[in-house]
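Structure first, then comments.
Residue numbers (my numbering): 272 to 518.
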């Protein structure tokens, strides 16, 4: 099973790993594109005003540009420890037992605007780049990644559970993936798509799938694991699930 997660816009600072070494990362067939993007982003960081504009951030976030300037030299950390925010708080990777952490590293992967796809043990620096963005001279990240990332994901012949958000799902389509959305249900039974609970419940589902003693192999297995974790997950279609949250 492969569970695809979205990244977080913000990243945990620091790390005690050696500087970025693409040769040591998973999916080496992505390294040429990774290098091109890291070079472009670090070069862009030399022009702070332009970087702020391209990244869509304010002057108060200039430290994000400084991070991008040091992509090749700053310390790294395992990807599942680098990403932060609501989803990753719910995943709570730091609380897993060693055997569970090993399963998480094997079963979870994070979509990345800079690296395409990273596994839990891939050591990466802190950076700022959004999946819906673009880089000067390269165009949109969707146009950069789709031709090289889709063939990699197509090789996943096991169950794929797609928890990515829209901008990151657009980087590469995954044929046959199980798509998951989160719906809020009020007292009358009316449902609507919400963002408030979305990341938290996807994080809880990812944790449950990562920690399941028996690796899920089917949609039915995903439903069973979710139920055991206290999540209300329903099947909307053959490859579509929804997590239902009571408003």
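Glycine included, C-beta positions come from ideal geometry on N, C-alpha and C. Computed from a predicted model, the values in this text were never measured in an experiment.
Run of the beta strand (DSSP E) containing residue i, from where it starts to where it stops
i, result
"residue 433", "431-433"
"residue 297", "No beta strand (DSSP E) holds residue 297; DSSP gives it neither H nor E."
"residue 503", "Looking at the DSSP string, residue 503 is not in any beta strand (DSSP E), and its letter there is neither H nor E."
"residue 461", "Counting along the chain, residue 461 falls outside any beta strand (DSSP E), and DSSP gives it neither H nor E."
"residue 365", "Careful: residue 365 lies outside any beta strand (DSSP E) and carries neither H nor E."
"residue 387", "387-390"
"residue 455", "449-456"
"residue 512", "511-517"
Span separating the alpha-carbon of residue i from that of residue j
i, j, result
"residue 495", "residue 387", "30 Å"
"residue 432", "residue 352", "21 Å"
"residue 380", "residue 497", "19 Å"
"residue 452", "residue 480", "16 Å"
"residue 483", "residue 280", "28 Å"
"residue 289", "residue 370", "25 Å"
"residue 421", "residue 490", "22 Å"
"residue 309", "residue 341", "10 Å"
"residue 359", "residue 459", "32 Å"
"residue 400", "residue 326", "6 Å"
"residue 329", "residue 320", "9 Å"
"residue 356", "residue 428", "30 Å"
"residue 383", "residue 445", "15 Å"
"residue 457", "residue 463", "9 Å"
"residue 354", "residue 311", "22 Å"
"residue 414", "residue 443", "10 Å"
"residue 285", "residue 299", "25 Å"
"residue 502", "residue 493", "11 Å"
Start and end residues, alpha helix (DSSP H) containing residue i
i, result
"residue 315", "302-315"
"residue 498", "490-499"
"residue 275", "Premise fails: residue 275 lies in the beta strand (DSSP E), 273-276, not in any alpha helix (DSSP H)."
"residue 473", "469-482"
"residue 381", "Unbroken run through residue 381 is the beta strand (DSSP E), 379-383; no alpha helix (DSSP H)."
"residue 352", "350-353"
"residue 418", "412-425"
"residue 344", "Neither: residue 344 is in no alpha helix (DSSP H) and is coded neither H nor E."
"residue 324", "319-326"
Assigned exposure category for residue i - 16 Cβ within 10 Å defines buried
i, result
"residue 294", "exposed"
"residue 282", "buried"
"residue 278", "buried"
"residue 318", "exposed"
"residue 393", "buried"
"residue 447", "exposed"
"residue 487", "buried"
"residue 334", "exposed"
"residue 305", "buried"
"residue 316", "buried"
"residue 331", "exposed"
"residue 418", "exposed"
"residue 473", "buried"
"residue 437", "exposed"
Selection from the options that minimises the alpha carbon distance to residue i
i, options, result
"residue 504", "466, 404, 449 and 305", "449"
"residue 302", "385, 438 and 399", "385"
"residue 499", "507, 478 and 382", "478"
"residue 398", "323, 304 and 337", "337"
"residue 470", "460, 363 and 492", "363"
"residue 339", "378, 511 and 291", "291"
"residue 343", "327, 358, 323 and 307", "307"
"residue 515", "509, 475 and 492", "475"
"residue 485", "375, 345 and 276", "375"
"residue 512", "434, 461, 467 and 405", "434"
"residue 296", "405, 440 and 390", "390"
Closer than 8 Å is the cut-off here; do at least three beta carbon pairs connect the segment 401-421 with the segment 343-351? no
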